[in-house]
Amino acid sequence: MLKSRATQVDNFLTGYLNAAAQNGEIARPERLVSAMRHGVLNGGKRIRPFFVMEIAQMLGAEEGLALYPAAGLECLHSYSLVHDDLPAMDDDELRRGKPTVHIAYDEATAILAGDALLTLAFDLTVHEKSGLLPKTQVELVRSLARDSGVGGMVGGQQLDLDNENKDAGEDMISRIHAMKTGALIRYSCEAGAIIAGSDQEERQNIRRYGELVGLAFQLADDLLDVTSDAASMGKATGKDADAGKSTLIAIHGVEWALKRLDQLVEEAESLLAPYGEKADIIRAATQFVAKRQS
0 MLKSRATQVD NFLTGYLNAA AQNGEIARPE RLVSAMRHGV LNGGKRIRPF
50 FVMEIAQMLG AEEGLALYPA AGLECLHSYS LVHDDLPAMD DDELRRGKPT
100 VHIAYDEATA ILAGDALLTL AFDLTVHEKS GLLPKTQVEL VRSLARDSGV
150 GGMVGGQQLD LDNENKDAGE DMISRIHAMK TGALIRYSCE AGAIIAGSDQ
200 EERQNIRRYG ELVGLAFQLA DDLLDVTSDA ASMGKATGKD ADAGKSTLIA
250 IHGVEWALKR LDQLVEEAES LLAPYGEKAD IIRAATQFVA KRQS
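Residue numbers (numbering that gives the first Met the number 0): 0 to 293.
Written out as structure tokens, the structure reads:
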């Protein structure tokens, strides 16, 4: 199902990201579009749009309603990776086993490609062809902006940079994880509830589920940075230690991290109990996030 949803999103973005100007646009520079495609259509699990689409369906949304915001979220996530890979940030040359955008093109084009993917994310979220009610679109944009901006993903990246080569405590590391990685996964889950028209109680329940999955995702990523290799990961490993970043694994060790992952999965799955068999795919995704090997 993860592959199926990824194919849906990839097919949509392949068709949308072409040289033909959309309604209201003046022109699309060919090199910029090519760099955008390189940044977003280069593989990846599409776990964030998967959660948007599958949680919306679990909660009773009409099939297809989640596609535009799910694709928009993948654009936003991809913009963050394009910018994170820049020399001024993480200075990475590989992403998903391929040259990063600034290596394949140039640094200026990579910055512009990231900018364009970010703005496209909001365009798709409120797209006139999405089938979503204006009220739903407003709720999605508000939540996406707050989870991806200064108080969410971008703020988390700043805190991560601020704490390089410092002995960051466990509270700060957890805050960085919750913001830099967790906030966007939290949004991906809550977005499904917004699309399905859930009430506030259900939205908060699903949002909390997303928080836990986000923490598990980052902890699993940190484990892979320690235990995996570049060929398996499709990017450089050992980067945290090289960059002088404090991690929970450095503080507590691998065995603690494995036990903590089990705790996060257990708590997250407990929030899915009210949905019975309808949540089976989401339960499987919870396990996948924690146990993935790449």
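Idealized CB from N, CA, C, for every residue including glycine.
Which residues mark the beginning and the end of the alpha helix (DSSP H) in which E106 is found?
The residue you call residue 106 lines up with position 107 of the sequence shown. Residues 106-124.
Between which residues of its own chain and G155 is the CB-CB distance below 6 Å, once the five residues before and five after are set aside?
Start at 1 with the first residue of the sequence shown, and residue 155 comes out as number 156. Here the set comprises I175, M178, K179.
Does the stretch 197-213 come into contact with the stretch 101-120, if we say contact requires no fewer than three beta-carbon pairs (one atom in each stretch) closer than 8 Å?
no
At 4 residues or longer, what runs of the alpha helix (DSSP H) sit wholly inside the stretch 147-217?
152-161, 169-176, 182-194
Residues in the same chain with beta-carbon distance under 8 Å from G213, minus the five sequence neighbours each way, listed in chain order, please.
The residue given as residue 213 occupies position 214 in the sequence shown. Hits under 8 Å: H176, A177, T180, G181, A182, L183, I184, R185.
If you follow the alpha helix (DSSP H) that L58 is in, where does it begin and where does it stop?
Translated into the one-based positions of the sequence shown, residue 58 becomes position 59. Segment: none, L58 is in no alpha helix (DSSP H) and carries neither H nor E.
Strictly by DSSP, which residues pair up with R27?
Along the sequence shown, read from residue 1 onward, the residue named residue 27 stands at position 28. Answer by DSSP bridge pairing: none, since R27 is not bridged.
From which residue to which residue does the alpha helix (DSSP H) around T13 run?
Looking up residue 13 in the sequence shown gives position 14. 1-15 is the span of the alpha helix (DSSP H), which, as asked, contains T13.
I need the straight-line Cα distance from D143 to K44, nearest angstrom please.
Numbered from 1 along the sequence shown, position 144 holds the residue referred to as residue 143. Numbered from 1 along the sequence shown, position 45 holds the residue referred to as residue 44. Before going on, a small fix: residue 143 reads as Leu here, not Asp. Distance between the alpha carbons of L143 and K44: 20 Å.
Do G71 and F11 have their C-beta atoms within less than 8 Å of each other?
Residue mapping note: residue 71 aligns to position 72 of the sequence shown, counting from 1. Residue mapping note: residue 11 aligns to position 12 of the sequence shown, counting from 1. In this structure, F11 does not lie closer than 8 Å to G71 by Cβ.
For A283 and K290, what's the separation of their Cα atoms in angstroms?
Translated into the one-based positions of the sequence shown, residue 283 becomes position 284. Translated into the one-based positions of the sequence shown, residue 290 becomes position 291. Whole-angstrom Cα-Cα distance: 10 Å.
Helix, strand or coil at I280 [DSSP, three-state]:
Within the sequence shown, the letter at position 281 stands for residue 280. I280: helix per DSSP, three-state reduction.
Among the residues of its own chain, which have a CB less than 7 Å from the CB of A167, if the five just before and after it don't count?
The sequence position of residue 167 within the sequence shown is 168, counting from 1. Contacts found: S245.
Range of the contiguous alpha helix (DSSP H) that encloses L80
Taking the first residue of the sequence shown as 1, we reach residue 80 at position 81. It spans 66-83 - the alpha helix (DSSP H) in which L80 sits, taken as one unbroken run.
Go ahead and label H251 buried or exposed: buried means 16 or more other beta carbons lie within 10 angstroms of its beta carbon, across all protein chains shown.
On the sequence shown, residue 251 is found 252 positions in, with the first residue counted as 1. The residue is exposed, with fewer than 16 neighbouring Cβ atoms inside 10 Å.
Looking at C-alpha atoms only, which residue of L40, I110, L66 is the closest neighbour of V51?
As a working mapping, residue 51 is identified with position 52 in the sequence shown. The residue with the shortest Cα to Cα distance from V51 is L66.
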